[in-house]
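Below is one structure, written out as structure tokens; the observations come after it.
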Amino acid sequence: MVPFGFLDWLWVVLYLLIMVGAGVLFYRLGKRSEADFFLAGRGLPWWLPAASVYATHTATDTPMWMSGVVYKHGLAGIWYSFFAAWCAISAFVTTRIFRRSLAYTQAEWNTIRFHGLGAELLRGWMSGWQVFMSMFMLGWVGIAMGKVCEYAFGWPTWVGLILFSTLCAVYVMASGYWGVIMADFLQGVIAFAVILIVSLWGVFAAGGPTAIVNRLAAMGESWRLDPFAFTGWFSGDFPIAWFLTMLFIAVLGGFGMGTNIDWYVEAQRIQSSRTVRDASYSIWWGTALVLTRNSLWAAAILGFYVMFPNIPEAKEYEMAWFRVGFDYLPVGMVGFFFAGLIAIHISTIASVLNLGAMYFTRDLYLHYWNRAASEEKLVTIGRVATVILLIGSFFYGLMMEEITSWLIFALWIMAAGVWLPNILQVVWWRFNAWGYLVSWIANLGLSWLVVWVLPYFGVLPELPDYQQFWLLMVLGALIYLPVTLATRAEPMDHLVHYYVMSRPIGWWGPVRREAARRGLLAHVKVEA
Amino acid sequence: MSWICRDWTPADADEWTREDWITIVISPLVYVLLMVGTGLSLFLIPAGYITLAAGVVLTGLMHWIIDPKLKVISGEYEKKQRDYLEQLEKQARWEGNNG
Chain A
1 MVPFGFLDWL WVVLYLLIMV GAGVLFYRLG KRSEADFFLA GRGLPWWLPA
51 ASVYATHTAT DTPMWMSGVV YKHGLAGIWY SFFAAWCAIS AFVTTRIFRR
101 SLAYTQAEWN TIRFHGLGAE LLRGWMSGWQ VFMSMFMLGW VGIAMGKVCE
151 YAFGWPTWVG LILFSTLCAV YVMASGYWGV IMADFLQGVI AFAVILIVSL
201 WGVFAAGGPT AIVNRLAAMG ESWRLDPFAF TGWFSGDFPI AWFLTMLFIA
251 VLGGFGMGTN IDWYVEAQRI QSSRTVRDAS YSIWWGTALV LTRNSLWAAA
301 ILGFYVMFPN IPEAKEYEMA WFRVGFDYLP VGMVGFFFAG LIAIHISTIA
351 SVLNLGAMYF TRDLYLHYWN RAASEEKLVT IGRVATVILL IGSFFYGLMM
401 EEITSWLIFA LWIMAAGVWL PNILQVVWWR FNAWGYLVSW IANLGLSWLV
451 VWVLPYFGVL PELPDYQQFW LLMVLGALIY LPVTLATRAE PMDHLVHYYV
501 MSRPIGWWGP VRREAARRGL LAHVKVEA
Chain B
1001 MSWICRDWTP ADADEWTRED WITIVISPLV YVLLMVGTGL SLFLIPAGYI
1051 TLAAGVVLTG LMHWIIDPKL KVISGEYEKK QRDYLEQLEK QARWEGNNG
């Protein structure tokens, strides 16, 4: 149990009042239209969605994840967080392309890029999947908060899960994305301040930077300060092959849409930006802050390591950064820390609640159920969807025990077998809706088989994560590439319209020539 | 540095050019330098300061290269946005040709 004084509770109560106040303050803006409730009217300057990118990707489970990998692998563990670097290329490639499509969601983009029945099936599939995944993400982030509250106050895990997500849902329902984005800005500032203060506190609790370096040397573990301390090419806990695979996935993934599960959240930030340039900078700077933040965490966790080395249980050392805050900050500051944790938690919950509600409202309700729905009706449906997602997340959250294994499996489901198709849909004109749809369905089956089922029955050994990735990528390609080539390309009229509107990168030669022939690219000479 | 174009026409800015590819190469490198540089600097390791400084300089260079192009793309696209939004809404509501 962490001792809480009057000042500590004051921080928490003040913070919660500000957050709920944001919902009240932006209530009028949020209810104006669907575009306001889900995209803040598409008029935000880059620094607002950038703060939201940062705040959303600073969740309660993130310091647990970082604590786990840095405690285990030393500073080299920060590469596990480098998955976020898909934004490095995406900010200047797919962000530009997606922003020009103006699609509310990735599901809607499917019907702009693809055509006909295949595109509609994709839209239905993608939106249903995203509603499910939103509940799933809300569940795993929510249960992480439950664990923090259990550690700090001895509450049962369900209390922390339900209490803070419900409070968050109040302002998300009231003001939609306006409330999310404005609260995210505030939460981002608070979260960064808390992470900076607590991490530096942790470093100094361990004796300061020089003392940590010296103590690691005395323990014979100076390698923990080397960000490139791998365990061999293919052997050990963290081989170079895994590192290179992560770099490959992260960096080249920026040429695709959806190569990382975070894309779907970022896509909303991209469309809420007022221009293409604002969208690019929001994604780039938000992620730069995320990666810098991870290094702050890493420093505190290494400080924790020299104080408490050789903890065998992952469940214990995954709490490293939280223990620095709860155990070492003075009374009065612990409440500030806990308010920061609520900020970290709520910013993610709010974003995912609004995102899932957008897929439900825009892609399922409006597109397939009630195409004549008024703007007022759509905002109401958005609020109802928020409640449905919230309740669903409680069930998922209570089912999750081991955060890291769930996170890795979720990443596999979303990333491995569809990683390449997510790029092909952007860069290759011939890739069609049927190939993409099949790649998703095949990946769902294959990832269960490769990760859980076949190893359970002894058909396949339990492979390291990076080998699972390559295997899933190859197996998936063996299915969707033949399907793509055996089915027709999308109609040229549709592709030309998409090309002129979005100007995609990659192999679009036939479409570009046709667009030029029709006089839609005035500056491009028509080839004879 | 005339090798880098900083004065774009809307039509030229719409193309994928050398400036985009240079940015595509620099941007991930900047992330690596900022992340590793921050981590090492917090332990007062000199290599960390150098890495972090290199990251900051390259960030500035990257923006110097790509910003003029992004401004022109944005300005030109905003003129067409209203029409595209109307088409999008029709498509969502199955009005007219859903293609």
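Chains A and B are the protein sequences, given in the same order. Under my numbering, the first residue of the first sequence carries the number 1, and numbering increases by one thereafter. Under my numbering, the first residue of the second sequence carries the number 1001, and numbering increases by one thereafter. Note that the Cβ used here is the ideal one computed from N, Cα and C, for glycine as well. Fair warning: this is a prediction, and the values are worked out from it, not measured in the lab.
Worksheet item: Who are the Cβ neighbours of T348 of chain A in its own chain at under 6 Å, not counting the five residues just before and after it?
Response: For the purposes of this step, residue 348 of chain A is identified with residue 348 of the first sequence, where counting begins at 1. Result list for T348 of chain A: T56, A59, V141, in chain order.
Item to complete: Taking only the alpha-carbon atoms, compute the straight-line gap between W46 of chain A and A486 of chain A and give it to the nearest angstrom.
Response: To locate residue 46 of chain A, count along the first sequence from 1; it is residue 46. To locate residue 486 of chain A, count along the first sequence from 1; it is residue 486. C-alpha separation (whole angstroms): 43 Å.
Item to complete: Could you list the residues in the segment 34-59 of chain A with a C-beta less than 9 Å from some C-beta on chain B, going in chain order?
Response: A35, R42
Worksheet item: How would you label Y264 of chain A, buried or exposed, when you count the other beta carbons within 10 angstroms and need 16 or more for buried?
Response: Walking along the first sequence from the start, residue 264 of chain A turns up at place 264. Under this definition Y264 of chain A is a buried residue.
Discussion item. Comparing C-alpha positions only, which one of A:R215, A:M135, A:L424 sits nearest to G356 of chain A?
Written reply: Along the first sequence, one-based indexing puts residue 356 of chain A at 356. Comparing Cα positions, the closest option is A:M135.
Discussion item. Using CA atoms only, rank isn't needed, just tell me which of A:D327, A:Y368, A:M66 is closest to A152 of chain A.
Written reply: Mapped onto the first sequence, residue 152 of chain A falls at position 152. For the residues A:D327, A:Y368, A:M66, the minimum Cα distance to A152 of chain A belongs to A:D327.
Practice prompt. Given a cut-off of 8 Å, decide if A174 of chain A and V24 of chain A are closer than it, judged by their beta-carbon atoms.
Written response: By one-based count along the first sequence, residue 24 of chain A stands at place 24. By one-based count along the first sequence, residue 174 of chain A stands at place 174. Yes, the pair counts as a contact, with Cβ atoms nearer than the cut-off.
Discussion item. Please state the DSSP three-state secondary structure of A428 of chain A.
Written reply: For the purposes of this step, residue 428 of chain A is taken as residue 428 along the first sequence, with counting starting at 1. Residue identity check: residue 428 of chain A is Trp in the sequence provided, not Ala. Here W428 of chain A sits in strand by DSSP.
Practice prompt. Pick out whichever of A:N110, A:T210, A:L424, A:L117 has its Cα sitting closest to the Cα of S1041 of chain B.
Written response: Taking the first residue of the second sequence as 1, we reach residue 1041 of chain B at position 41. Measuring from the Cα of S1041 of chain B, the nearest candidate turns out to be A:T210.
Item to complete: Under 8 Å Cβ to Cβ from G509 of chain A, same chain only, skipping five residues before and after it: list those, please.
Response: Within the first sequence, residue 509 of chain A is the residue found at index 509, counting from 1. Excluding residues within five positions, the ones whose Cβ falls inside 8 Å are W429.
Worksheet item: Is the segment 70-85 of chain A in contact with the segment 212-227 of chain A, if contact means three or more CB pairs nearer than 8 Å?
Response: Result yes; three or more Cβ-Cβ pairs closer than 8 Å.
Discussion item. Suppose contacts are defined by Cβ-Cβ distances below 8 Å. Is A415 of chain A in contact with I283 of chain A by that definition?
Written reply: Reading the first sequence from its first residue, position 415 is the one you call residue 415 of chain A. Reading the first sequence from its first residue, position 283 is the one you call residue 283 of chain A. Taking 8 Å as the Cβ cut-off, A415 of chain A and I283 of chain A do not qualify as a contacting pair.
Practice prompt. Spatial neighbours of A528 of chain A within its chain, please: CB distance less than 8 Å, with the 5 preceding and 5 following residues excluded, ordered by chain position.
Written response: By 1-based counting over the first sequence, the position of residue 528 of chain A is 528. Confidence at A528 of chain A is low in this model, with a pLDDT of 47, below 50, so the placement of that residue should be treated as unreliable; the coordinate-derived value is given next. So no residue of the chain qualifies.
Worksheet item: With a CB to CB cut of under 6 Å and the five nearest residues on each side skipped, what residues in its chain are close to V70 of chain A?
Response: Taking the first residue of the first sequence as position 1, residue 70 of chain A is located at position 70. If we look at V70 of chain A and ignore the five residues flanking it on each side, its Cβ neighbours are G77, A298, I301.
Discussion item. Cutting at 6 Å between CB atoms, please list the residues of its own chain near V131 of chain A, excluding the five before and the five after it.
Written reply: Locating residue 131 of chain A in the first sequence gives position 131, where the first residue counts as 1. Excluding residues within five positions, the ones whose Cβ falls inside 6 Å are G356, Y359, F360.
Worksheet item: Under a CB-based cut-off of 8 Å, is P1028 of chain B close to chain A?
Response: Counting from 1 along the second sequence, the entry for residue 1028 of chain B is found at position 28. True, the Cβ-Cβ gap to chain A drops below 8 Å.
Fill in: Secondary structure, alpha helix (DSSP H): runs of 4+ residues fully inside the segment 45-70 of chain A
47-56
Worksheet item: Given that T292 of chain A touches chain B, what residues does it touch there, using C-beta distances under 8 Å?
Response: Residue mapping note: residue 292 of chain A aligns to position 292 of the first sequence, counting from 1. Near T292 of chain A (Cβ distances below 8 Å), the residues of chain B are L1034, M1035, T1038.
Discussion item. Tell me the DSSP secondary structure of S282 of chain A in three-state form.
Written reply: Mapped onto the first sequence, residue 282 of chain A falls at position 282. The three-state secondary structure of S282 of chain A, taken from DSSP, is helix.
Discussion item. Against A1047 of chain B, what residues of chain A qualify as contacts under a CB-to-CB distance less than 7 Å, listed in chain order?
Written reply: In the second sequence, the residue the question calls residue 1047 of chain B occupies position 47. Going along chain A, no residue has its Cβ under 7 Å from A1047 of chain B, so there is no contact; the nearest lies around 10 Å.
Practice prompt. Give the C-beta separation of L102 of chain A and N110 of chain A to the nearest angstrom, bearing in mind that I take them to be a contact with Cβ-Cβ under 8 Å.
Written response: On the first sequence, residue 102 of chain A is found 102 positions in, with the first residue counted as 1. On the first sequence, residue 110 of chain A is found 110 positions in, with the first residue counted as 1. Going by Cβ atoms, the distance from L102 of chain A to N110 of chain A rounds to 14 Å, so no, they are not a contact pair.
Discussion item. At the 8 Å Cβ level, is G1099 of chain B part of the contact set with chain A, yes or no?
Written reply: Within the second sequence, numbered from 1, the residue matching residue 1099 of chain B stands at position 99. Caution is warranted here: a pLDDT of 42 is assigned to G1099 of chain B, below 50, making its placement in the model unreliable, and no coordinate value can be reported.
Worksheet item: Should S280 of chain A go down as buried or exposed, given a rule of 16 or more other Cβ atoms within 10 Å for buried?
Response: For the purposes of this step, residue 280 of chain A is taken as the residue at position 280 of the first sequence. S280 of chain A is classed as buried because its beta carbon has at least 16 other beta carbons within 10 Å across all chains shown.
Fill in: Within-8 Å CB hit, P309 of chain A to chain B
Here residue 309 of chain A refers to the residue found at position 309 of the first sequence. P309 of chain A does not count as touching chain B.
Worksheet item: Taking the alpha-carbon positions, what's the P87 of chain A to T287 of chain A distance?
Response: On the first sequence, position 87 is the one that residue 87 of chain A refers to. On the first sequence, position 287 is the one that residue 287 of chain A refers to. Note that residue 87 of chain A corresponds to Cys in the displayed sequence, not to Pro. In a straight line, the C-alpha of C87 of chain A is about 7 Å away from that of T287 of chain A.
Item to complete: Compute the Euclidean distance between the alpha carbons of R383 of chain A and K377 of chain A, then round it to the nearest angstrom.
Response: Translated into positions along the first sequence, residue 383 of chain A becomes position 383. Translated into positions along the first sequence, residue 377 of chain A becomes position 377. In a straight line, the C-alpha of R383 of chain A is about 10 Å away from that of K377 of chain A.
Worksheet item: Residues bridged to S273 of chain A by DSSP?
Response: The count along the first sequence starts at 1 and reaches residue 273 of chain A at position 273. The partner list for S273 of chain A (beta bridge, DSSP) reads A:L44.
Fill in: Between the CA atoms of A51 of chain A and V1056 of chain B - distance to the nearest angstrom
Here residue 1056 of chain B corresponds to residue number 56 of the second sequence, with the count starting at 1. Here residue 51 of chain A corresponds to residue number 51 of the first sequence, with the count starting at 1. Straight-line Cα distance between these residues: approximately 19 Å.
Worksheet item: For the alpha helix (DSSP H) that contains E490 of chain A, what are its first and last residues?
Response: If you number the first sequence from 1, residue 490 of chain A lands on position 490. Where E490 of chain A is concerned, there is no enclosing alpha helix (DSSP H), given that its DSSP letter is neither H nor E.
Worksheet entry | Beta-bridge partners of W507 of chain A, as assigned by DSSP | Translated into the one-based positions of the first sequence, residue 507 of chain A becomes position 507. Beta-bridge pairing links W507 of chain A to A:W428.
Discussion item. Against E1126 of chain B, what residues of chain A qualify as contacts under a CB-to-CB distance less than 9 Å, listed in chain order?
Written reply: Not covered by the structure: residue 1126 of chain B. The range shown for chain B is 1001 to 1099.
Discussion item. Assuming D327 of chain A is part of the alpha helix (DSSP H), what are its boundary residues?
Written reply: Numbered from 1 along the first sequence, position 327 holds the residue referred to as residue 327 of chain A. Unbroken alpha helix (DSSP H) run through D327 of chain A: 320-328.
Discussion item. Using the Cβ count rule (16 or more neighbours within 10 Å means buried), how would you classify V251 of chain A?
Written reply: Here residue 251 of chain A refers to the residue found at position 251 of the first sequence. Classification of V251 of chain A: buried, given that the 10 Å Cβ count is 16 or more.
Practice prompt. Consider the Cβ of V148 of chain A: report whether some Cβ of chain B lies at a distance smaller than 8 Å.
Written response: Taking the first residue of the first sequence as 1, we reach residue 148 of chain A at position 148. Interface residue (Cβ-Cβ distance to chain B less than 8 Å): V148 of chain A is not classified as such.
Worksheet item: Any beta-carbon of chain C closer than 8 Å to the one on R518 of chain A?
Response: The displayed structure is made up of protein chains A and B, and chain C is not among them.
Item to complete: Count the other CB atoms, across all protein chains shown, that sit within 10 Å of the CB of K1079 of chain B; report buried if there are 16 or more and exposed otherwise.
Response: Sequence index remark: in the second sequence, residue 1079 of chain B carries index 79 (1-based). Answer is exposed; the Cβ neighbour count stays below 16.
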